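Protein sequence lines correspond, in order, to chains A and B. Count along the first sequence from 1, then add 50; that gives the number in this note's numbering. Count along the second sequence from 1, then add 2; that gives the number in this note's numbering.
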Amino acid sequence: MQTAVIVFPASNCDRDAAMALEKVTGRAPKLIWHRDSEIPADVDFVCVPGGFSYGDYLRSGAMAARSPIVSDLVKKANNGLPVAGFCNGFQILTETGLLPGALMRNKNLKFVCRPERLVVSNVNTRYTSYYEPKSVVTYPVAHHDGSYFADDATLNKLEKDGRIVFRYADNPNGSMRDIAGIINEAGNVFGMMPHPERAVDDLHGGTDGLGLFKSIIESI
Amino acid sequence: MKALVYIGLKPGVLDPQGRAIARSLNDLGFDEVKNAFQGKIIELELSSEDKTEAKAQVEQMCEKLLANTVIESYRIELRD
């Protein structure tokens with residue numbers, strides 16, 4: 051089991067993600083620099099971490115989504131490689147088109163940074179199989195551009211196909227239909243604004259995020 | 003040649019920054035402001051000579067990077 055975390059200039063949750071992955075796999079993930087051109091062939095799972103890649107210039111995640119390593123990531127994700135993006139990682143995955151919709155400025159214009167309760171609305175995914183149906187978990191959120199937007203047709207399709215995986219119990223940012231995390235049609239690409247990697251140790255204030263990482267590892 | 007690319011949110015997409023701007027202008031006494039929409043302008047200096055070709059190139063740039071067409075629309079203006 052070899053995992054990997056991509057590191058962009060101004061990623062700031064890359065080490066948290068690496069720590070979480072090492073905790074559940076017992077093996078340190080590969081850290082892949084954004085200028086590298088290829089995800090190594092032995093990698094079974096890739097995490098696109100949170101942060102403010104490229105200073106959020108132009109749009110959050112826009113530059114990272116066009117970096118050399120991400121074009122290889124898109125190719126491999128389209129061939130079935132499991133990929134999860136948290137926070138800025140989610141923004142990057144929507145910018146690549148691997149996940150539908152976009153993340154926009156929070157409705158109240160405030161940067162929200164606090165623990166947030168989430169409902170696991172689909173436990174039949176490779177990212178949530180460890181959770182009980184409809185369970186409520188607490189992950190931290192820390193973002194300014196977290197308001198999920200998609201057109202009605204896309205939202206209806208996501209809903210119908212069970213691809214809304216996490217919803218906010220108390221919507222902190224104006225996301226449509228309380229969406230906190232979604233999965234692609236094939237079920238291998240997942241993104242969410244909250245930070246499961248910052249909820250994997252008692253010192254974090256909670257360990258609700260462990261279930262997500264265990265689910266991923268078990269599915270591989 | 004110069005290209006000015008105007009990028010704004012599509013109609014119907016919530017623009018909380020625009021709304022905050024309109025409210026602030028109202029607070030300053032500009033009661034005539036009903037709505038504000040915030041976008042951005044990107045100025046490109048191009049080596050191209052041909053306008054049609056330049057426009058086609060800039061359109062590609064918008065589709066590939068400059069605009070996120072899920073939420074944004076764009077308009078291109080060319081200047082000599």
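Think of the CB as a built atom: it goes at the ideal place given N, C-alpha and C, for glycine as much as any other residue. Bear in mind that the values here come from a model prediction, so they are computed numbers and not experimental data.
is_contact[residue i, chain B] using C-beta, thresh 8 Å
i	result
residue 199 of chain A	yes
residue 114 of chain A	no
residue 67 of chain A	no
residue 139 of chain A	no
residue 85 of chain A	no
residue 231 of chain A	no
residue 168 of chain A	no
Minimum Cβ-Cβ distance from residue i to chain A less than 8 Å
i	result
residue 19 of chain B	yes
residue 78 of chain B	no
residue 72 of chain B	yes
residue 38 of chain B	no
residue 5 of chain B	no
residue 67 of chain B	yes
Where residue i sits in the DSSP three-state scheme
i	result
residue 253 of chain A	helix
residue 53 of chain A	strand
residue 64 of chain B	helix
residue 270 of chain A	coil
residue 8 of chain B	strand
residue 197 of chain A	strand
residue 36 of chain B	coil
residue 165 of chain A	strand
residue 77 of chain A	coil
residue 61 of chain A	strand
residue 102 of chain A	coil
residue 14 of chain B	coil
Proximity of residue i and residue j at Cβ, strictly below 8 Å
i	j	result
residue 238 of chain A	residue 196 of chain A	no
residue 244 of chain A	residue 149 of chain A	no
residue 12 of chain B	residue 73 of chain B	yes
residue 58 of chain A	residue 114 of chain A	yes
residue 56 of chain A	residue 98 of chain A	yes
residue 95 of chain A	residue 270 of chain A	yes
residue 265 of chain A	residue 179 of chain A	yes
residue 151 of chain A	residue 188 of chain A	no
residue 177 of chain A	residue 262 of chain A	yes
Residue i versus residue j: straight-line alpha-carbon distance, rounded
i	j	result
residue 258 of chain A	residue 14 of chain B	36 Å
residue 140 of chain A	residue 155 of chain A	14 Å
residue 10 of chain B	residue 108 of chain A	12 Å
residue 21 of chain B	residue 29 of chain B	12 Å
residue 146 of chain A	residue 32 of chain B	41 Å
residue 182 of chain A	residue 173 of chain A	7 Å
residue 6 of chain B	residue 37 of chain B	24 Å
residue 47 of chain B	residue 82 of chain A	34 Å
residue 84 of chain A	residue 100 of chain A	14 Å
residue 240 of chain A	residue 211 of chain A	14 Å
residue 61 of chain A	residue 230 of chain A	20 Å
residue 185 of chain A	residue 220 of chain A	15 Å
Supposed contact pair residue j and residue i - C-beta distance, whole angstroms, cut 8 Å
i	j	result
residue 260 of chain A	residue 74 of chain A	7 Å
residue 87 of chain A	residue 132 of chain A	With 8 Å as the limit, residue 87 of chain A and residue 132 of chain A do not qualify as a contact, their Cβ atoms being about 21 Å apart.
residue 250 of chain A	residue 68 of chain A	Contact flag wrong, Cβ pair sits at about 11 Å.
residue 248 of chain A	residue 67 of chain B	Actually they are not in contact, since the Cβ atoms of residue 248 of chain A and residue 67 of chain B sit about 30 Å apart, beyond 8 Å.
residue 89 of chain A	residue 112 of chain A	21 Å between Cβ atoms; not a contact.
residue 159 of chain A	residue 19 of chain B	7 Å
residue 218 of chain A	residue 166 of chain A	6 Å
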